[in-house]
Amino acid sequence: MLANAIKEGAAQTGENIASSAGAYGQHTAIMDQYDVIVLAPQVRSYYNDMKADTDRLGIKLLAPRGKEYIDLTRDPAGAIKWLRENLD
68 MLANAIKEGA
78 AQTGENIASS
88 AGAYGQHTAI
98 MDQYDVIVLA
108 PQVRSYYNDM
118 KADTDRLGIK
128 LLAPRGKEYI
138 DLTRDPAGAI
148 KWLRENLD
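Residue 68 is where the sequence shown starts when you use the numbering used here, and the numbers rise one by one after that.
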């Protein structure tokens with residue numbers, strides 16, 4: 068899971084990044100606590116709905132595709148690099 072890779076990568080690189088995973092539908096209660104939301108490929112079909120919510124709250128929405136997502140879950144430091152590149 069990418070949330071775990073981001074946590075691990077943050078610990079490895081000394082980045083101050085908090086990461087958690089949640090199910091679609093629970094997101095509205097916690098979205099305002101984050102600067103960025105990353106959609107897993109299996110919920111990409113909700114992108115437009117999530118985009119409306121994140122735009123309203125001023126939150127960045129990222130949605131890596133299948134292989135990219137899997138690669139990021141296997142490379143914690145790479146996940147942090149990808150996150151930083153997509154936030155700039």
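Note that the Cβ used here is the ideal one computed from N, Cα and C, for glycine as well. Just so we're clear, the structure is a prediction, and the values are computed from it rather than from any experiment.
Residue i, DSSP secondary structure in three states
{"i": "Ile73", "result": "helix"}
{"i": "Leu150", "result": "helix"}
{"i": "Leu139", "result": "helix"}
{"i": "Gly81", "result": "coil"}
CB-CB length for residue i against residue j, believed under 8 Å
{"i": "Ile126", "j": "Asp102", "result": "6 Å"}
{"i": "Ile137", "j": "Ala77", "result": "No, Ile137 and Ala77 are not in contact; Cβ-Cβ is about 20 Å, not under 8 Å."}
{"i": "Leu124", "j": "Met117", "result": "In fact, because the Cβ distance is near 11 Å, the residues do not count as touching under 8 Å."}
Whether residue i touches residue j by CB criterion (7 Å)
{"i": "Pro143", "j": "Glu82", "result": "no"}
{"i": "Tyr91", "j": "Val110", "result": "yes"}
{"i": "Thr140", "j": "Ala85", "result": "no"}
{"i": "Pro108", "j": "Gly145", "result": "no"}
{"i": "Tyr114", "j": "Ala88", "result": "no"}
- [ ] Let me know the alpha helix (DSSP H) ranges lying completely inside the stretch 88 to 130, each 4 residues or longer, listed in chain order.
- [x] 94 to 97, 114 to 124
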